[in-house]
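Chains as they are written, first to last, in my numbering: chain G, 1 to 448; chain P, 1001 to 1448; chain V, 2001 to 2448. What follows is a set of notes on a single structure, which appears directly below.
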Amino acid sequence: MQLKKILPLAALGIALPAMGFAQDEVADSLDAVTAMNAEMVFIFNSLLFLIGGFLVFFMAAGFCMLETGLVRSKNATMQATKNVALFSLAGIAYFIVGFNLMYPLGDWVIEGWLGGISPTVLEPVGVPFDELDDVEYASIGSDFIFQLMFCAATASIVSGAVAERVKLFPFLIFVVILTGIIYPIQASWSWGEGFLDEMGFSDFAGSSIVHAAGGFAALAGVIVIGARYGKYGADGKVTVMPGSNLPLATLGMFILWLGWFGFNGGSQLAMGTVSDVADVSRIFANTNTAASGGAVAALILSTILYKKPDLTMVLNGALAGLVSITAEPLTPGLGSATLIGAVGGVIVVLTIPLLDKLKIDDVVGAIPVHGFAGLWGTLAVPLTNPDASFGTQIVGMALICGFMFVASLVVFLILKAVMGVRVSDEDQVTGLDKTEMGMEAYPEFSKT
Amino acid sequence: MQLKKILPLAALGIALPAMGFAQDEVADSLDAVTAMNAEMVFIFNSLLFLIGGFLVFFMAAGFCMLETGLVRSKNATMQATKNVALFSLAGIAYFIVGFNLMYPLGDWVIEGWLGGISPTVLEPVGVPFDELDDVEYASIGSDFIFQLMFCAATASIVSGAVAERVKLFPFLIFVVILTGIIYPIQASWSWGEGFLDEMGFSDFAGSSIVHAAGGFAALAGVIVIGARYGKYGADGKVTVMPGSNLPLATLGMFILWLGWFGFNGGSQLAMGTVSDVADVSRIFANTNTAASGGAVAALILSTILYKKPDLTMVLNGALAGLVSITAEPLTPGLGSATLIGAVGGVIVVLTIPLLDKLKIDDVVGAIPVHGFAGLWGTLAVPLTNPDASFGTQIVGMALICGFMFVASLVVFLILKAVMGVRVSDEDQVTGLDKTEMGMEAYPEFSKT
Amino acid sequence: MQLKKILPLAALGIALPAMGFAQDEVADSLDAVTAMNAEMVFIFNSLLFLIGGFLVFFMAAGFCMLETGLVRSKNATMQATKNVALFSLAGIAYFIVGFNLMYPLGDWVIEGWLGGISPTVLEPVGVPFDELDDVEYASIGSDFIFQLMFCAATASIVSGAVAERVKLFPFLIFVVILTGIIYPIQASWSWGEGFLDEMGFSDFAGSSIVHAAGGFAALAGVIVIGARYGKYGADGKVTVMPGSNLPLATLGMFILWLGWFGFNGGSQLAMGTVSDVADVSRIFANTNTAASGGAVAALILSTILYKKPDLTMVLNGALAGLVSITAEPLTPGLGSATLIGAVGGVIVVLTIPLLDKLKIDDVVGAIPVHGFAGLWGTLAVPLTNPDASFGTQIVGMALICGFMFVASLVVFLILKAVMGVRVSDEDQVTGLDKTEMGMEAYPEFSKT
């Protein structure tokens, strides 16, 4: 969130299109240097968003593979369909209303709390330097594509938790409201320069704003929809329902890890100075080592607790490490970053069974990974960043997660009342692929 | 296809290697600014091609996963083999003859119609500024790698349509001719500054030049090779042959979507000015939302028509949205881009069953997705780009698709006569993996 | 390994943070140009490492998918677990000791042979230009993340060869020693400006330093651990143990190919001049065509030798082509690069059965692909690069591979003596997923 330092363009005298200045048009060569540097900074910043954008886009595939690999094969087509559809709908909802709701740029409906309501308008084709929306930042299109991917990630988090029993269309309606309205309003509080930003709440790339937000929206969904049929017996027995394709889930984890370089690195929001590019580099290194810490901690702890290593715990440990470092990937050193990630891995190993005790049926562990590790990461910011305080972090976390939970709960309850959100127990036994879609994910392999 | 604006190097006075100028060697500091800017523009443009290049490269994996997931497991090894081999052969054919055939740079064998015949030669190692092939553009190597990937995509499109019954080596011979000769000749007409470019035909990143071209080459192949054994009964009954691994196909779609950011974004051909980087950003945003539009339209329409949502339709809908926006990803706004993509999705849902009625057996829906949506995208250009006209677009589409179809038909017919192109019905029943390759894709899972 | 040419900052007069100079602070506008150019070069170089870093990171996923697809399904969960864990541990070991051991920057424990022992420290947050560690190079964080990925690749190579019978935790202990100590010591000899660099040994991106190094470490592991139970009969009969998921292995190969653009392209180490970016472009083009050459050669040769094409040979052929060009991806032309890659493909097809004759059980062909093709690539450098000599190349190869083999052998032997490295024959029959982990990769599909 560092703003790049740049000479005010007022000092520029003349606005010079990149190469459009001829020798005789330039009064002062220093002006030319200044103008050129401003252009270069703008290009680098936009490029950072474009690279970050495609990397975080790919996380949609990562979530899809992770979730599709962790559900039973009879629900895998449905899970893939949900992931493609949610990302597509998020893209449309975010441009129609979400983006300007999240970034009102001073044009609030309710100052600091509710942003502007209008669709996204990109800069015109071939926009010249002096007509740029924000010459000190980046192109609108690059910013839009980057921020959209964060918004869509929130919906992907929910889809994993409510898998194997939520109805497709009610879920997709929830996604539209989540990505068009709920998430953007909440995110505007911090990243749109709203009241949480004013308070000094610090969440660099979204441990709370994206991940815990998604985790608590997922919690609301799981509570309203209920557990999968057969998951919790009357006698308190928990039935293990193993994922059908662990190599695919592993691929999903790796894709998410890859995307996280863009997620955290791009959140530096600038790359046009040596300081900024060195900071992006720090972020890359810290992000990677936090994931390592989470995976190793989960591997060791799960082996100690259950005698044997558990791949799904290792995958979720790596993801928890990534979530944990997301609130502050810049200020820690490599050692601290590793430890912050490792604590995230420990949290996941300890809280996944806890949810089962509470009969909260989270299919992929999204609530521990994104919700609990997200809270940890946000809380850990003041450990390495002196500009943050525990008090403000706690207030921010509480407001963000409280709002996400309550708003999601209301939407899910309305959907439940109006059209139902849960597939019948009989159809769950048969599998959503056959009953809801009429097609199987692996028609030639299934034992049934 | 916008050319970046740059001071003619003639105005430079002296050519300055990036940092090779010492203070006393430079007469005029403005010259230094100009020289440096020219360097930076060149670097940014080349970088755009390199990033676009690796993104579009990855589409080869996307096609492979999509197609391998949509064939039956008994043909999956063969489909993977074809995809790896076709990409490898395209790389060699394109450097030996294709690239210079496509980009004759004025050195035509037949002016505007048939380019130059010579292998690609890269710039020398450590080339200095004043020996660059085109200082206002980008390095040859970066341009080559970017353009190669488009060429290879054409072959990947064909491979999906003719899956499950085409013989490996005849198909690969076709690929060599397609990527070395047929595609480059056709593409030179527009992108090599040939007669279609002269006419004003407008196809930004290749809705027709790449996608419809591939689709109509595929149509020729499907007609010559014939339908899969058992697909169409004498009584007009169409046998559904479901894909064996839909999660893998979904991954393939996501990889293609990812690659499309490079495909369309890189086709801006420049990133060294704020205008260009803002345009690349517009293209990213429009490309993404068109895919969303296609997926959502296909989801809704297929649910209405068939009562249940269909994952393969949603996947193909997203791809059709991407193909549709490819002819003009720059000029539309986000709303128009979404609609252009949505129409692509509708086309696919409506035309996939149509082909079955015509007994045209296109295994993965490549002809509707790339052929028909490609035509739609090309036709839609004048809706948002006033520089294009419907008449010219139609002439261009007809010539491109006509040439691709006829040339491919001739090659397939010759191959059929000389060595046969179709695996026997018996071997199709057993599966190409066992009969043609002697290895199975999933040896431990198959029911048979 | 070319160093970018840049004006010494001493000549700069004043150090100017990117845009921190105001008009009146700058005595001479040429100084401003020089300063700005130095900044831009630094940013481009760092960006190259960041892009290269995430691309090579993704190779960890590529190795994982390749290996998980090539093992039997009863060992697939274990193989995925090993790959995630080894990459995570490599990340930690490399920052705690590996990076500074590899890059002592003059601070050797034993001059030219044993580097410095200290953890990696990144540049401070928001580092200004005049406090950069190396203004003519790139940010420490970007360099660290790029180099880490090479180190981790070495461990991934080993994991494929020893699959399906090595115990998890002994293997992971080996990985920590390999990535923290063995690889960095060896790599410092060339890339840390050690004695091999002094001698003139030339290995651009690591045909020997990474790939043959990994291959010979793998050979040591395979020898100590022994062949899989049932692989080699007393009568000399070799039992074929086909991979369980060839489409997944194909995906892994494509991901590796993708990552290789970063692997070789990033090893130019600079992108801030037109010469450097043109060289990176050459490298991209040569890397791609070498892979093509390897795949096509393996396809043709395996078809000739075995009458039918073999997908795993084609995959390994492409990888061998990539390994072969890695020692010198810059100086060859496209034709030479294709041939260098093709020879790599031939080597793999010929040596994979050879290893079986020697009862060396390399599950995925890692020793031929990375070891033998790596040697070939290193030996081929003088064919196109006049600065290299066959004598020095052979000396370098022998020292690197000898050291890697002996050091790995010692570690594996100690691990064998202390805790055992091999899963019992009974457990191998049952499968490591059930016996060591208690979870199956595909619980619903397996025939058993």
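Heads up, the beta-carbon is just placed ideally off N, CA and C, and yes, glycines get one too. These numbers come from a predicted model, not from an experiment.
Rounded to whole angstroms, how far is the Cβ of residue i from the Cβ of residue j, which I believe are closer than 8 Å?
i, j, result
"residue 334 of chain G", "residue 2216 of chain V", "Incorrect: roughly 30 Å between the Cβ atoms, too far for contact."
"residue 265 of chain G", "residue 280 of chain G", "5 Å"
"residue 2147 of chain V", "residue 2403 of chain V", "With a Cβ gap of about 19 Å, residue 2147 of chain V and residue 2403 of chain V do not count as contacting."
"residue 1064 of chain P", "residue 2250 of chain V", "6 Å"
"residue 1059 of chain P", "residue 1192 of chain P", "At roughly 22 Å, the Cβ-Cβ gap does not stay under 8 Å, so residue 1059 of chain P and residue 1192 of chain P are not in contact."
"residue 1204 of chain P", "residue 1330 of chain P", "6 Å"
"residue 2220 of chain V", "residue 2372 of chain V", "At roughly 15 Å, the Cβ-Cβ gap does not stay under 8 Å, so residue 2220 of chain V and residue 2372 of chain V are not in contact."
Could you tell me the distance, in whole angstroms, from the CA atom of residue i to the CA atom of residue j?
i, j, result
"residue 2383 of chain V", "residue 2241 of chain V", "39 Å"
"residue 310 of chain G", "residue 246 of chain G", "11 Å"
"residue 2313 of chain V", "residue 1169 of chain P", "16 Å"
"residue 1135 of chain P", "residue 1106 of chain P", "17 Å"
"residue 2232 of chain V", "residue 2153 of chain V", "29 Å"
"residue 449 of chain G", "residue 1284 of chain P", "Outside the displayed range of chain G (1 to 448) lies residue 449 of chain G, so it cannot be described from this structure."
"residue 2322 of chain V", "residue 2256 of chain V", "9 Å"
"residue 970 of chain P", "residue 1165 of chain P", "This structure cannot speak to residue 970 of chain P, because chain P is shown only from 1001 to 1448."
"residue 1270 of chain P", "residue 1041 of chain P", "8 Å"
"residue 2390 of chain V", "residue 2114 of chain V", "25 Å"
"residue 2025 of chain V", "residue 35 of chain G", "Note that residue 2025 of chain V scores a pLDDT of 39, beneath 50, so its modelled location is shaky and nothing firm can be said."
"residue 421 of chain G", "residue 225 of chain G", "6 Å"
"residue 1434 of chain P", "residue 1075 of chain P", "8 Å"
"residue 1081 of chain P", "residue 2299 of chain V", "9 Å"
"residue 2223 of chain V", "residue 2360 of chain V", "7 Å"
Taking the alpha helix (DSSP H) that residue i falls in, what are its first and last residues?
i, result
"residue 403 of chain G", "390-418"
"residue 188 of chain G", "183-190"
"residue 1287 of chain P", "1274-1306"
"residue 1159 of chain P", "1140-1161"
"residue 362 of chain G", "Here residue 362 of chain G belongs to no alpha helix (DSSP H), and DSSP marks it neither H nor E."
"residue 1266 of chain P", "1246-1266"
"residue 325 of chain G", "311-325"
"residue 214 of chain G", "213-225"
"residue 436 of chain G", "That residue, residue 436 of chain G, is in no alpha helix (DSSP H); it is neither H nor E in DSSP."
"residue 1271 of chain P", "Per DSSP, residue 1271 of chain P belongs to no alpha helix (DSSP H) and is neither H nor E."
"residue 380 of chain G", "Residue 380 of chain G -> no alpha helix (DSSP H), and no H or E assigned at all."
"residue 2084 of chain V", "2076-2093"
"residue 195 of chain G", "195-199"
"residue 2101 of chain V", "2099-2102"
What are the residues that DSSP puts in a beta bridge with residue i?
i, result
"residue 232 of chain G", "G:238"
"residue 1114 of chain P", "P:1110"
"residue 343 of chain G", "Answer is none; residue 343 of chain G lacks a bridge partner."
"residue 1422 of chain P", "P:1166"
Mind listing which residues of the stretch 2048-2071 of chain V have their C-beta closer than 8 Å to chain G's C-betas, in chain order?
2049, 2050, 2051, 2053, 2054, 2057, 2058, 2060, 2061, 2064, 2065, 2068, 2069
Interfacial residues, the stretch 2180-2207 of chain V to chain G, with Cβ spacing under 9 Å
Taking 9 Å as the Cβ-Cβ cut-off, the stretch 2180-2207 of chain V has no residue approaching chain G.
Short-range partners of chain G found in the stretch 2101-2114 of chain V, where Cβ spacing is below 7 Å:
none
Between the stretch 1212-1246 of chain P and chain V, which residues of the former have CB atoms less than 8 Å from a CB of the latter, in chain order?
1245
What residues from the stretch 302-314 of chain G come within 9 Å of chain V, judged by C-beta to C-beta, listed N to C?
303, 306, 307, 308, 309, 310, 311, 312, 314
Return the residues of the stretch 2072-2099 of chain V that lie within a Cβ-Cβ distance of less than 7 Å from chain G, sorted by chain order.
2076, 2077, 2080, 2081, 2084, 2085, 2088, 2089, 2091, 2092, 2095
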